[in-house]
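In what follows, a structure is listed as structure tokens, so that the remarks can point back to it.
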Amino acid sequence: MPVPPVDEAKRAGLRAKRASLVFFFAVSLVFVAMTSWQLLRPVFGLGPNEDRFAPPAACARALGELERALDRAMSQSIVPPAGMLDEEDDVLAAFERAALPEWGNLKEVERLCAGARRGGDAFASLARLKRAEERFVRRQVTEIAPLRRDLEAYGGK
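Each residue of the sequence shown is one higher than the one before, starting from 14 at the first, in the working numbering.
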């Protein structure tokens with residue numbers, strides 16, 4: 014039995030369909046290969062080992078020193094010295110003094126981190142932490158001082 018002839022329009026349509034399927038599968042294969050490479054590279058240690066979100070070492074060291082100074086200032090301002098129980102400005106000044114000398118070169122650290130990749134974001138994060146800790150110290154004085162005065166009225170300390 015002879016094969017019926019296929020007209021040229023159907024044949025061209027089949028070729029276009031095959032070409033589009035080949036193109037689709039090629040694009041899909043490239044996408045899967047690239048995605049797999051991005052996922053497997055850090056798992057098996059292939060390629061450079063870099064943290065995209067960390068600032069360079071010099072900026073990170075400087076920010077770490079500033080963070081440690083904030084921790085020190087915070088721990089020293091948790092219990093203010095006698096005589097400063099009611100004075101919000103005095104406690105904030107003591108907080109600032111406790112953060113020295115590291116926070117004295119703030120402009121230098123800001124300049125160092127501003128030129129670094131992700132350094133500006135890291136510096137801004139540290140500045141937000143400092144503002145939050147200052148607000149905490151201010152709130153501590155305003156909320157606890159009346160309670161301390163009340164206790165002193167009853168003969169405490």
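Note that the Cβ used here is the ideal one computed from N, Cα and C, for glycine as well.
Within 9 Å, strictly: CB atoms of residue i and residue j
{"i": "A129", "j": "A71", "result": "yes"}
{"i": "W116", "j": "A82", "result": "yes"}
{"i": "A111", "j": "A86", "result": "yes"}
Residue environment, residue i, which counts as buried when at least 16 other CB atoms sit within 10 Å
{"i": "E156", "result": "exposed"}
{"i": "L27", "result": "exposed"}
{"i": "E21", "result": "exposed"}
{"i": "F136", "result": "buried"}
{"i": "A25", "result": "exposed"}
{"i": "A127", "result": "exposed"}
{"i": "F108", "result": "buried"}
Straight-line gap, residue i to residue j (C-alpha atoms, nearest Å)
{"i": "A106", "j": "L113", "result": "11 Å"}
{"i": "D134", "j": "R144", "result": "15 Å"}
{"i": "F149", "j": "N118", "result": "24 Å"}
{"i": "A138", "j": "K120", "result": "Just to set this straight, residue 138 is Ser in the shown sequence, not Ala. Their backbone Cα atoms lie some 15 Å apart in a straight line."}
{"i": "A158", "j": "V56", "result": "54 Å"}
{"i": "R161", "j": "V104", "result": "15 Å"}
{"i": "L52", "j": "E146", "result": "39 Å"}
{"i": "R151", "j": "L142", "result": "14 Å"}
{"i": "D163", "j": "V154", "result": "14 Å"}
For residue i, the three-state DSSP class (helix, strand or coil)
{"i": "A129", "result": "coil"}
{"i": "G117", "result": "helix"}
{"i": "G26", "result": "helix"}
{"i": "G168", "result": "coil"}
{"i": "G77", "result": "helix"}
{"i": "D20", "result": "coil"}
Residue interval of the alpha helix (DSSP H) (run including residue i)
{"i": "A111", "result": "E101 to A111"}
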